[in-house]
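Colleague:
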Amino acid sequence: MLENVIMPLDQSVGAARKMFRFGDNEMTELIIGIQKAFKPGVAARTSRVALLIFTCLLLSCASAVAQIRMAIEISPNEPVAGELVIVRVTVVNAGVAMVDNLRAEVEYPAGLAAMSDMLFSDGGDCTFLTNGSACNEGETAFWEIGSLSPGAGKTVYMTPTVAGGTPADLLIAFNGEVLEGASLRAVAGSEVVVVADRALELEVDADREPVAPGKTLGFELNFGNQSGTATTSTELRFPLPADTSLVGADGGGALVGNEVVWNIGILNPGDSGKRRVTVQLGGALGDGDLVEVDSAEISGESGFEIRRTRQQATTRVETASQLAFSIDMPAQPLRTNVASPIHLTVTNRGATVRSGVRAELFFPPGLADMSDALFSDGGDCTFLTNSTACDGGETAFWDIGTLPPGAGKTVTLSPAVLSASADGRVLSFFGRAFAEATPDFWQRRSLALEADRALELEVDADREPVAPGEVLRYELSFGNVGSAATSATELRLPLPAGTSFVEADGGGTLVANEVIWDIGTLNPGDSGKRRVAVQLEPALENGDLVEVDSAEISGESGFEIQRTRQQATTRVETASQLAFSIDMPAQPLRTNVASPIHLTVTNRGATVQSGVRAELFFPPGLADMSDALFSDGGDCTFLTGSTACDGGETAFWDIGTLPPGVGKTLTMVPSALLTNGDGRVLSFFGRAFANSTPDFWQRRSLALEADRALELEVDPDREPVASGGTLGYTLSFGNAGSTATTGTELRFPLPDGASLVVAEDGGLLDGNDVLWNLGTLDAGDVGRRRVELALDASSVAGDIVRGRSPRLAVKGSTMVSNDTHVRLRPADDFDFTLSLFPNIGQPEQPMAADLVVFNQAPFDITNVNLGLYFPAALIPLGDASISDGGDCSFVTSVSTCNPGESVIWQLGTMPGSSQLMRMLEPTLANIAQGTLVNFFARIRSDSTSGAFVKRTLPVGNFAPPPPPPDPAISVSGNGIEIVNGDTTPSPSDGTDFGSADFDGETITRNFTVENSNTGDLEISSVSITGTNSLDFLVVFGPAPTIGPSEQSILAIRFDPDTIGTRTATVSITSNDTDASPYTFDIQGQGEDASGELLFRDGFE
0 MLENVIMPLD QSVGAARKMF RFGDNEMTEL IIGIQKAFKP GVAARTSRVA LLIFTCLLLS
60 CASAVAQIRM AIEISPNEPV AGELVIVRVT VVNAGVAMVD NLRAEVEYPA GLAAMSDMLF
120 SDGGDCTFLT NGSACNEGET AFWEIGSLSP GAGKTVYMTP TVAGGTPADL LIAFNGEVLE
180 GASLRAVAGS EVVVVADRAL ELEVDADREP VAPGKTLGFE LNFGNQSGTA TTSTELRFPL
240 PADTSLVGAD GGGALVGNEV VWNIGILNPG DSGKRRVTVQ LGGALGDGDL VEVDSAEISG
300 ESGFEIRRTR QQATTRVETA SQLAFSIDMP AQPLRTNVAS PIHLTVTNRG ATVRSGVRAE
360 LFFPPGLADM SDALFSDGGD CTFLTNSTAC DGGETAFWDI GTLPPGAGKT VTLSPAVLSA
420 SADGRVLSFF GRAFAEATPD FWQRRSLALE ADRALELEVD ADREPVAPGE VLRYELSFGN
480 VGSAATSATE LRLPLPAGTS FVEADGGGTL VANEVIWDIG TLNPGDSGKR RVAVQLEPAL
540 ENGDLVEVDS AEISGESGFE IQRTRQQATT RVETASQLAF SIDMPAQPLR TNVASPIHLT
600 VTNRGATVQS GVRAELFFPP GLADMSDALF SDGGDCTFLT GSTACDGGET AFWDIGTLPP
660 GVGKTLTMVP SALLTNGDGR VLSFFGRAFA NSTPDFWQRR SLALEADRAL ELEVDPDREP
720 VASGGTLGYT LSFGNAGSTA TTGTELRFPL PDGASLVVAE DGGLLDGNDV LWNLGTLDAG
780 DVGRRRVELA LDASSVAGDI VRGRSPRLAV KGSTMVSNDT HVRLRPADDF DFTLSLFPNI
840 GQPEQPMAAD LVVFNQAPFD ITNVNLGLYF PAALIPLGDA SISDGGDCSF VTSVSTCNPG
900 ESVIWQLGTM PGSSQLMRML EPTLANIAQG TLVNFFARIR SDSTSGAFVK RTLPVGNFAP
960 PPPPPDPAIS VSGNGIEIVN GDTTPSPSDG TDFGSADFDG ETITRNFTVE NSNTGDLEIS
1020 SVSITGTNSL DFLVVFGPAP TIGPSEQSIL AIRFDPDTIG TRTATVSITS NDTDASPYTF
1080 DIQGQGEDAS GELLFRDGFE
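Counting in numbering that gives the first Met the number 0, the sequence shown runs from 0 upward without gaps.
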């Protein structure tokens, strides 16, 4: 009878209902009977699939009344024995009425190991037979879904493991049903087949869930070859979900029938990749429907055998959630055995406060156990075996609490991949954000693994949050840490949705919706930075997310494409009351050298901020750093040592209270491990927050290079500085390498909110950059340049003047950059200076650092202390040599000041209007000529925010700036120079115009005005004076500005009004101070061509 039923049902479900005269209840009873009769492992797989299709067809008849739909999705589809599988169960209400008392159930099939109740989401459990805390074969897993309003849905999951020793080809079927009370409302099924080994990896990730009706939905397909042999003729296929249409596919994907097909070709062992496809939801897909991919597939031939892996994906359709949620993964493919931060961002897009907000992230097998100390914001894990660590298969979570409208929160964790994981393996992450009475917002992300990834890439937004309508700047840091060069290297950044392109440096061009840089050849150890700015469009409002998914660097090496990708998410929110910035050292960063990092926190608001705290992630690749190298009582969330900061931990400073307009600059002095390869990029991220104040985040990245040649330091004149005033910067530079650089340029991008007043020593404005053409910089040379800016008067106290990476570069190759940020404050109690002597140092030479502190306040300031950084280029100094009882924050010796430490003077109470001086007299070490030695100092007290100052001592051969631009005017006629002050007109140079009839004849002579020197020649005026000046007229020219080595024509007309010799003097006024005015005499002869006598007055 079953065979007779399937055919007519396949043709028409309605006809089947009519054939059997089934009502809705009878149809439901039939479905239950079929499901109970169906036992996995009895029939052939094709028969089981047919039965499942038959069940679903019957269900579609009843669901018009029952409203409820169910889907079961399993990953991976082809597990091996002992592997964890993710079983996701989605229940939706596609009807028009509320449905209550819903419960989802899934049979726990044979072939699975017993599963702890801790591996259920959403309070799921099992009807237990033998063990009340675990799920066993034959039991039923269940979740109390509760009520679903029309169009709403719920996704739950469990993560069982295929039992060890399970034979290959065993089919494991997961059969589920949804009950409303005791009544069946939906059924679904899915199955996996156990394989002996899975060569190919595939994960299919929708970019969001739910997706709103009528929107586009993006899918990312992550694949890899984790086997030991290549696959050939490799293809990737993605069937379009029902009632969707193709919008676009990258990577050469083409629509063939109803599938998007990519020809991957050869997929070598350990190789991985990503492809993206976007579909448009059709009009028939409304709230409560499901977008189902069943199934994407990757296949290829290996050893005369077709290797194949499939993967499903289900996304529910529902009008946009009040919450937005994003997962930022680290650069991928991901290196093994390295702590790699993951950022989760949750925002409230709605108009009402959301309470009970929680974020979760599945912690997949393949990750090493992670200490709870590596969670931010009190995150934790649903633990199985260890209450202080997160283990594979558990779920990380953060109880965020309340989010006001438009507000958001970013949380982090820093897991590491097990070193035993194979290259080409793909790890599947999925997470969600939810709140009371608010639907879940899901996102999935997958990461392929590669232990020796060659290319590095980090994408850093200049701030988070960004206010609606602002310009957001990204910095892309890249490098080649491999052993071979990449050719045809390209860097790409897709414009985030809701933004428009503003500008890109380094030759970046907008192609379609991507900014593309042609990097060319990237040699081993090389690194670089590129920058792009985007404008947030009006559609992006508080609570929205600006998502870069994904930037990419790619290049060819050994006939193989090397590729690394990186994401970046920035939340949109009206400016925080706090401002925060991170000043990194000069980069690329030298390894094994103490390198200060400065964090600045300010209160931009009108009220006191309490509970202020600053944090900075301490990335792997840094050497363990003693707590003594923190300023202001900083410390670390420790994993292994309570007196040192280790890679993967977070440095923090509890600042306490900040009054309006007040800020604080904090410092730590880490060093990069000597074992790091050149071209590696370290990713730093930090934040500042306070009680009831949103976090302000910033990210910074540093490339590494052990033997960097060029040096650059940027020192503001003072910090803090008043808004609306002027601010000067001194840029010190040097060449510490062994060879000269040519075509050397120094650039200083103007910060936002600042305009150029003057750039000394030949600086010119090039777009928004001040540019100095330094030309050749010999080995050991050092120099300085200065620039002065006018600050926007509309800036508020507590704002930060953000540097935009001034850089010293050799065209087409080496570059070093440096940042500095300055906080704004109308006035400060201290006037604070740091002076270094001599002006230019030499290796092994004694030097002095003089500090002067003046209390400008009319009252006493108590508990004043002064700190001076002791940089790496100095010889250790005994405490006895420090004046006035100063001491050092010791790391290795209690009686010696060593590089990286700070000298501290406890000044006690300073009376109003009093002044103190302190001096340090160290000796420079035997350092390379061309090195820059950067000092910084700070003043602190109980009642003030203090002040901060940086100064740099160049060590080497001072390369004086070129002489100031000096124009030089010269004039010639007929190619012959007319000397300044010439009083002898001559026909040869055109100053003698010859003869012209006084009755209307004219003669015009052209003279060449030339600028033969380096500065622009500015012509103020050209005048003709003398006895017969009215007989001569300037017809045109010269140009008001004549550039270096340029010329302009001066045309003069002779028009005599009588006969006889007519004379005058030409005078040219210019900015050539040596020859202004430039004068020469001219003459012409008036005659009467008619031969008639000319009678004058008085003639007799």
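The C-beta atom is built at its ideal place from N, Cα and C for all residues, glycine as well. These numbers come from a predicted model, not from an experiment.
For the putative contact between residue 138 and residue 126, defined by C-beta atoms under 8 Å, what is the C-beta separation to the nearest angstrom?
Modeller: Indeed, because the Cβ distance is near 5 Å, the residues count as touching under 8 Å.
Colleague: With DSSP as the reference, please indicate the residues paired to residue 953 in a beta bridge.
Modeller: Paired residues: 931.
Colleague: Consult DSSP for residue 271 and reduce its assignment to one of helix, strand or coil.
Modeller: Strand.
Colleague: Would residue 922 pass as a contact of residue 837 if the rule is Cβ separation under 8 Å?
Modeller: No, they are not a contact pair.
Colleague: If you run the structure through DSSP and keep just helix, strand and coil, what is residue 1085?
Modeller: In this structure, residue 1085 counts as strand in the three-state DSSP scheme.
Colleague: If we call anything under 8 Å between Cβ atoms a contact, is residue 292 one with residue 280?
Modeller: Not closer than 8 Å, so no.
Colleague: Strictly by DSSP, which residues pair up with residue 69?
Modeller: 90.
Colleague: Compare the beta carbon distance of residue 165 and residue 114 with 8 Å and say whether it is the shorter of the two.
Modeller: The answer is no: Cβ separation not under 8 Å.
Colleague: Among all the DSSP beta bridges, which residues are the ones paired with residue 321?
Modeller: In DSSP, residue 321 forms no bridge with anything.
Colleague: From this set, 687, 370, 226, 358, which residue's C-alpha is nearest residue 401's C-alpha?
Modeller: Cα-wise, what sits closest to residue 401 is 358.
Colleague: So, using beta-carbon positions, are residue 223 and residue 298 closer together than 8 Å?
Modeller: No.
Colleague: Can you give, in chain order, each stretch of the beta strand (DSSP E) that sits fully within the region 639-715 and has at least 3 residues?
Modeller: Listed in chain order, the complete beta strand (DSSP E) runs (minimum 3 residues) inside the region 639-715 are 649-657, 662-667, 680-689, 692-702, 709-715.
Colleague: Could you spell out the range, first to last residue, of the beta strand (DSSP E) harbouring residue 785?
Modeller: Where residue 785 is concerned, the enclosing beta strand (DSSP E) stretches over 780-790.
Colleague: Between the alpha carbons of residue 1013 and residue 1036, how many angstroms are there, rounded?
Modeller: Approximately 21 Å, taken between the alpha carbons.
Colleague: For a minimum of 3 consecutive residues, which ranges assigned as the beta strand (DSSP E) are wholly contained in the region 1013-1048?
Modeller: Segments of the beta strand (DSSP E) lying fully in the region 1013-1048: 1016-1024, 1031-1035.
Colleague: Identify the residues that DSSP records as bridge partners of residue 442: which are they?
Modeller: Per DSSP, 430.
Colleague: In whole angstroms, what is the alpha-carbon distance linking residue 544 and residue 394?
Modeller: Spanning the two alpha carbons is a distance of roughly 24 Å.
Colleague: For residue 257 and residue 234, I'd like the C-alpha separation in whole angstroms.
Modeller: One C-alpha to the other measures close to 15 Å.
Colleague: Measure the alpha-carbon distance for residue 536 versus residue 348 and round it to whole angstroms.
Modeller: About 16 Å.
Colleague: Could you tell me whether the region 558-570 touches the region 911-927, using the rule of 3 or more Cβ pairs below 8 Å?
Modeller: Touching, no, given that fewer than three Cβ pairs across the two stretches are closer than 8 Å.
Colleague: Leaving aside the five residues before and after residue 122 along the sequence, list all residues of the same chain whose C-beta is less than 6 Å from its C-beta, in chain order.
Modeller: Once the five neighbours on either side are set aside, residue 122 has no close Cβ partner at all.
Colleague: Ends of the beta strand (DSSP E) at residue 829?
Modeller: That run of the beta strand (DSSP E) goes 829-836.
Colleague: Just verifying my parser: in three-state terms, what is the DSSP assignment at residue 969?
Modeller: Here residue 969 sits in strand by DSSP.
Colleague: Under the rule that 16 or more other beta-carbon atoms within 10 Å means buried, what is residue 955, buried or exposed?
Modeller: The residue is buried, with at least 16 neighbouring Cβ atoms inside 10 Å.
Colleague: Would the region 92-105 and the region 64-77 be scored as touching if the rule is three or more Cβ pairs under 8 Å?
Modeller: Because the criterion of three Cβ pairs below 8 Å is met, the region 92-105 and the region 64-77 touch.
Colleague: Relative to the C-alpha of residue 434, which residue among 470, 369, 324, 489 is closest?
Modeller: For the residues 470, 369, 324, 489, the minimum Cα distance to residue 434 belongs to 324.
Colleague: Pick from 930, 687, 723: whose alpha carbon is nearest that of residue 656?
Modeller: The residue with the shortest Cα to Cα distance from residue 656 is 687.
Colleague: Report, in whole angstroms, the separation of the C-beta atoms of residue 1053 and residue 1025, which I expect to be a contact under 8 Å.
Modeller: In fact, because the Cβ distance is near 13 Å, the residues do not count as touching under 8 Å.
Colleague: Under 8 Å: do the region 945-965 and the region 715-724 share three or more Cβ pairs, one atom per stretch?
Modeller: Enough Cβ pairs lie closer than 8 Å, so yes.
Colleague: Enumerated in chain order, which unbroken segments of the beta strand (DSSP E) with a length of 3 residues or greater are wholly contained in the region 366-407?
Modeller: Taking only runs of at least 3 residues, the beta strand (DSSP E) segments lying wholly in the region 366-407 are 394-402.
Colleague: In angstroms with no decimal places, state the Cα-to-Cα distance between residue 645 and residue 622.
Modeller: Using only the alpha carbons, I get a separation of about 7 Å.
Colleague: By how many angstroms is the C-alpha of residue 828 removed from the C-alpha of residue 218?
Modeller: The alpha-carbon atoms of residue 218 and residue 828 are separated by roughly 57 Å.
Colleague: Given a cut-off of 8 Å, decide if residue 753 and residue 791 are closer than it, judged by their beta-carbon atoms.
Modeller: Their beta carbons are under 8 Å apart, which means residue 791 touches residue 753 by this criterion.
Colleague: Would you mind sorting residue 684 into buried or exposed? The rule is 16 or more other CB atoms within 10 Å of its CB.
Modeller: Buried: at least 16 other Cβ atoms inside 10 Å.
Colleague: With respect to the beta strand (DSSP E) encompassing residue 814, which residues constitute its N-terminal and C-terminal limits?
Modeller: 814-816 is the extent of the beta strand (DSSP E) around residue 814.
Colleague: Could you give the distance in angstroms between the alpha-carbon of residue 599 and the alpha-carbon of residue 1074?
Modeller: Those two C-alpha atoms are separated by around 52 Å.
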